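One structure below.
Numbering (UniProt numbering), first residue to last: 1 to 356.
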């Protein structure tokens, strides 16, 4: 007769042993530790000639980085931006190529150095408590020392080390020299309080440079204005700098709408309702160029500062804390609009230390 037998126990399941007091409970290891695979030596580990070739390659890459840094500095000095589109494009291209070669040389040299010359031994570190013992700390210092020796920073490979430190030391010059050179040698900040406008300078349309007659300005019309100058001067880099300070927005109002005129001792700074104000916002310097004809308000598009040009361009809304400087104007014998003088106060953003 057959007898009922219990099915054999499933031995494939993990067996958890009752833990001792104070120990953590965890599943048994499902797989055996395969250990560290057999170490495969690199060609540079076994062939001194290959190691020497790799060292020369890394050195040449660092030298290439040095040449790129020097090239970018030479490009900045020899091909400065002259204010024209083509000049700025050429200067930027040459400086950018020098920086690219400098950074690429350092990056590729570092990778090749690590892969071909630095230590390639497998290292095993057993888990340990977070609080390291004195012996572990000593081992860490020893590992760092061994790593420095393997990399060649300490001891051998003097030429490679010189190229490495030379490339790293020279690269910041590619950024520092243009920055310092752009500061320039002129530290006379008082000139920033004045513009090109002076007595008798004609008002001209931007960008054509055509002078404006008062008879050409109708009520409600808006003109973007710059000082009249020669065609040759408008091609220079200095013109770009001076224009950025001297730009003006000119509007003609009905004379009865002009409530006040920002003028000292009763002198008028407008002409038959024509007023001209600095186009540079007194908040952070954005161009104030949005004119509302019905309200006579000028609006800055950046932060919505609003100025009333019928009332000396006083601030009526927004973060700006002072009015737009007014350009005093009149007409000459030929009927052209001209400046009576420069702005009476500095143009541009206000700050706590600004003196009028």
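For glycine and all other residues, C-beta sits at the position ideal for the given N, C-alpha and C.
Please read all numbers here as calculations on a predicted model, not as lab measurements.
Unbroken alpha helix (DSSP H) run spanning residue i, endpoints
| i | result |
| --- | --- |
| residue 48 | 48-78 |
| residue 32 | Segment: none, residue 32 is in no alpha helix (DSSP H) and carries neither H nor E. |
| residue 217 | Taken as a continuous stretch (DSSP letters only), residue 217 belongs to no alpha helix (DSSP H), as it is neither H nor E. |
| residue 92 | 85-116 |
Buried or exposed by the 16-neighbour rule on C-beta atoms within 10 Å, applied to residue i
| i | result |
| --- | --- |
| residue 33 | exposed |
| residue 118 | exposed |
| residue 111 | exposed |
| residue 362 | This structure does not reach residue 362, given that the chain is present from 1 up to 356, and the question cannot be answered. |
| residue 329 | buried |
| residue 338 | buried |
| residue 342 | buried |
| residue 179 | exposed |
| residue 25 | No answer about residue 25 holds up, because its pLDDT of 49 lies below 50 and its placement is not dependable. |
| residue 49 | exposed |
| residue 240 | exposed |
| residue 89 | exposed |
| residue 135 | exposed |
| residue 59 | buried |
| residue 39 | exposed |
Beta-carbon proximity list for residue i, same chain, < 6 Å, skipping 5 on both sides
| i | result |
| --- | --- |
| residue 348 | 280, 285 |
| residue 242 | 196 |
| residue 106 | 65, 167 |
| residue 346 | 193 |
| residue 321 | 350 |
| residue 300 | 281, 286, 288 |
| residue 302 | 286 |
| residue 145 | none |
| residue 220 | 293 |
Minimum C-alpha distance to residue i - residue among the options
| i | options | result |
| --- | --- | --- |
| residue 93 | 71, 313, 201 | 71 |
| residue 218 | 99, 275, 122 | 275 |
| residue 335 | 305, 176, 271, 151 | 271 |
| residue 143 | 159, 123, 88 | 123 |
| residue 41 | 49, 78, 116 | 116 |
| residue 37 | 49, 178, 121, 31 | 121 |
| residue 318 | 324, 311, 305 | 305 |
| residue 344 | 312, 98, 212 | 312 |
| residue 256 | 35, 273, 324 | 273 |
| residue 74 | 296, 54, 97 | 97 |
| residue 294 | 253, 236, 282, 30 | 253 |
| residue 357 | 54, 169, 87 | Residue coverage of the chain in this structure runs from 1 to 356, which leaves residue 357 outside it and unanswerable. |
| residue 244 | 283, 76, 206, 132 | 206 |
| residue 99 | 47, 201, 54, 176 | 176 |
| residue 223 | 211, 104, 232 | 211 |
| residue 35 | 296, 125, 148 | 125 |
| residue 113 | 140, 150, 131, 141 | 150 |
| residue 283 | 269, 268, 291, 307 | 307 |
| residue 95 | 76, 104, 82 | 76 |
Residues near residue i by beta carbon distance below 7 Å, same chain, minus five either side
| i | result |
| --- | --- |
| residue 22 | Confidence in residue 22 is poor, its pLDDT being 49 and thus under 50, which makes the residue's placement unreliable; the coordinate value appears in the next sentence. None. |
| residue 102 | 65, 68, 69, 72, 171, 174 |
| residue 84 | none |
| residue 108 | 61 |
| residue 234 | 209 |
| residue 80 | 91 |
| residue 201 | 227, 228, 338, 339 |
Integer-rounded CB distance, given that residue j should sit under 8 Å from residue i
| i | j | result |
| --- | --- | --- |
| residue 251 | residue 309 | 6 Å |
| residue 369 | residue 326 | Since the first residue of the chain shown is 1 and the last is 356, residue 369 is not available in this structure. |
| residue 227 | residue 214 | Not really, about 17 Å apart at Cβ, beyond 8 Å. |
| residue 62 | residue 138 | The pair is not a contact, with the Cβ atoms about 34 Å apart (cut-off 8 Å). |
| residue 44 | residue 51 | 4 Å |
| residue 277 | residue 249 | 6 Å |
| residue 323 | residue 315 | 6 Å |
| residue 160 | residue 55 | 5 Å |
Range covered by the beta strand (DSSP E) that runs through residue i
| i | result |
| --- | --- |
| residue 278 | 274-278 |
| residue 337 | 337-339 |
| residue 308 | 306-308 |
| residue 131 | Element bounds for residue 131: n/a, residue is neither H nor E. |
| residue 251 | 248-252 |
| residue 315 | 314-317 |
| residue 299 | 297-299 |
| residue 292 | 290-292 |
| residue 331 | 329-331 |
| residue 224 | 222-227 |
| residue 258 | Here residue 258 belongs to no beta strand (DSSP E), and DSSP marks it neither H nor E. |
| residue 324 | Looking at the DSSP string, residue 324 is not in any beta strand (DSSP E), and its letter there is neither H nor E. |
| residue 205 | 203-205 |
Heavy atom of the ligand FAD within 8 Å of residue i beta-carbon
| i | result |
| --- | --- |
| residue 67 | This structure simply doesn't include the ligand FAD, nor any ligand for that matter. |
Residues near residue i in its chain [Cβ-Cβ closer than 8 Å; skip 5 each side]
| i | result |
| --- | --- |
| residue 10 | With a pLDDT of 48 at residue 10, under the threshold of 50, the modelled position of this residue cannot be trusted, and the question is left open. |
| residue 290 | 298, 299, 300, 301 |
Chain B within 9 Å of residue i, Cβ atoms only
| i | result |
| --- | --- |
| residue 159 | Included in the structure is just one protein chain, with no chain B present. |
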